[in-house]
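Following: one structure in structure tokens, then a few remarks.
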Amino acid sequence: MIIFAFLFIAMALLNIFFPAFGWYLRYGWMVKGDSEPSDAYLLMSRISSIVVLIVFLFVVLPNF
Numbered sequence: 179m180i181i182f183a184f185l186f187i188a189m190a191l192l193n194i195f196f197p198a199f200g201w202y203l204r205y206g207w208m209v210k211g212d213s214e215p216s217d218a219y220l221l222m223s224r225i226s227s228i229v230v231l232i233v234f235l236f237v238v239l240p241n242f
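In my numbering, the protein residues as written are 179 to 242.
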């Protein structure tokens with residue numbers, strides 16, 4: 179369970195600081211040529227990662 183918590187926190191922090199990396203892993207390989215994620219996508223990805231991380235820290239971690 180501790181490994182799951184560590185991986186979850188690491189993935190959330192990665193998505194907060196480098197949201198374009200997640201976009202390239204999910205969508206970037208499907209697009210021919212140069213394509214970049216929109217600013218709105220990057221912002222919403224960061225916001226959702228922050229919210230999920232906060233919920234995780236307050237709901238899941240106290241139950242360890």
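Idealized CB from N, CA, C, for every residue including glycine.
Could you pull out every residue in the same chain whose Cβ sits closer than 8 Å to the Cβ of E214, ignoring the five residues on either side in sequence? A198
With DSSP as the reference, label M208 as helix, strand or coil. helix
Would you mind giving the Cβ-Cβ distance between S216 and I194, rounded to the nearest angstrom? I have them listed as a contact below 8 Å. The pair is not a contact, with the Cβ atoms about 18 Å apart (cut-off 8 Å).
DSSP on M179, reduced to helix/strand/coil? coil
Measure the C-alpha to C-alpha separation of F242 and K210 and round it to an integer number of angstroms. 45 Å
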